[in-house]
Amino acid sequence: MDNNPEKEIRCAFYENLIRDKGLVELAKEFEEEERKDKEIKQQQEQGLEKDFIYVPSINLYVAKQKTHLGLNWNDTHKALADEDSRMLLIPEFLEFLKYSKTSFPDIYKEIAEVRTPWRSEWLDAYFKKEKDGLHILTGNKTKAEKIESCLMENSYADILNPNKQGLPIQKTNSGFYYWYPMDKCVAGFYANSVGADLYCYGLPSNQDSWLGVRAVKKD
Numbered sequence: 040m041d042n043n044p045e046k047e048i049r050c051a052f053y054e055n056l057i058r059d060k061g062l063v064e065l066a067k068e069f070e071e072e073e074r075k076d077k078e079i080k081q082q083q084e085q086g087l088e089k090d091f092i093y094v095p096s097i098n099l100y101v102a103k104q105k106t107h108l109g110l111n112w113n114d115t116h117k118a119l120a121d122e123d124s125r126m127l128l129i130p131e132f133l134e135f136l137k138y139s140k141t142s143f144p145d146i147y148k149e150i151a152e153v154r155t156p157w158r159s160e161w162l163d164a165y166f167k168k169e170k171d172g173l174h175i176l177t178g179n180k181t182k183a184e185k186i187e188s189c190l191m192e193n194s195y196a197d198i199l200n201p202n203k204q205g206l207p208i209q210k211t212n213s214g215f216y217y218w219y220p221m222d223k224c225v226a227g228f229y230a231n232s233v234g235a236d237l238y239c240y241g242l243p244s245n246q247d248s249w250l251g252v253r254a255v256k257k258d
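Residue numbering for the sequence shown follows my numbering, beginning at 40 and increasing consecutively.
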């Protein structure tokens with residue numbers, strides 16, 4: 040015999056609902072609640088789409104514009120957290136870059152076109168040397184793992200086909216330039232009249248008027 044008091048209470052609750060309102064009326068109420076929930080979700084998504092781009096491959100909304108210009112890496116994390124947002128991981132940024140190239144070419148050009156002025160944005164990766172080698176810290180240094188096999192020299196590289204941590208594994212003769220990870224440094228991306236570079240040697244204390252962040256809504 041089932042002597043589960045919680046189950047008995049739940050069954051009694053629904054039995055009373057059915058007796059008092061009837062199945063048809065109860066079904067209508069459930070349908071109305073589902074409709075309201077769907078409307079709220081659609082409104083939220085429409086609000087995001089004004090300022091954000093949905094990237095299907097990573098299932099995230101990424102900001103169309105950079106914000107928090109002039110803040111260093113640590114203060115940028117704090118500012119994003121206050122907005123219930125976060126910084127892009129390197130592989131997420133690269134997916135956004137690929138997606139924007141075909142779907143939002145003006146934003147792609149703003150990020151990666153070789154021209155003046157300087158444009159740069161922080162990425163969520165901090166590098167730290169440990170006894171067993173170099174580690175990559177993400178989530179504002181809350182998650183750490185050893186760096187997987189990748190290029191460990193400065194060179195032109197195929198940054199759009201990286202390892203799972205977003206670090207390139209193949210050299211190229213042209214295109215994007217890559218600056219390999221260094222101890223106590225952070226990642227970012229910049230473009231100017233000379234080239235477009237993924238860099239992993241930035242100082243967290245750096246701050247410039249053209250250096251900002253592309254926020255991503257927390258998943």
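Every residue, glycine too, gets a C-beta built ideally from N, C-alpha and C.
With a threshold of 16 other CB atoms inside 10 Å of the CB of residue i, please say whether the residue is buried or exposed.
| i | result |
| --- | --- |
| L133 | buried |
| S124 | buried |
| V233 | exposed |
| R154 | exposed |
| P220 | buried |
| E88 | exposed |
| E192 | exposed |
| S96 | exposed |
| Q81 | Low confidence applies to Q81: its pLDDT is 47, below 50, so where it sits in the model is not reliable, and the reading given next is rough at best. With fewer than 16 other Cβ atoms within 10 Å, it is exposed. |
| E160 | buried |
| T141 | exposed |
| E131 | buried |
So, residue i versus residue j, is the Cβ gap smaller than 8 Å?
| i | j | result |
| --- | --- | --- |
| L108 | L250 | yes |
| G172 | I186 | yes |
| T181 | A164 | no |
| I129 | S139 | no |
| F143 | K256 | no |
| D236 | Y216 | yes |
| W112 | P243 | yes |
| W218 | Y240 | yes |
| A230 | I150 | yes |
Tell me, to the nearest whole angstrom, how far the beta carbon of residue i is from that of residue j; I am working on the premise that it is less than 8 Å.
| i | j | result |
| --- | --- | --- |
| E184 | I175 | 6 Å |
| N202 | S188 | 7 Å |
| L162 | L127 | 6 Å |
| K167 | D222 | 6 Å |
| V101 | R253 | 6 Å |
Give, in chain order, every unbroken run of the alpha helix (DSSP H) that is at least 4 residues long and sits entirely within the segment 105-149.
112-121 and 129-142
Please give me, in chain order, every unbroken run of the beta strand (DSSP E) with length at least 3 that falls completely inside the segment 164-222.
Annotation note: the segment 164-222 contains the following uninterrupted beta strand (DSSP E) runs of length 3 or greater, listed N- to C-terminal: 172-177, 182-185 and 216-218.
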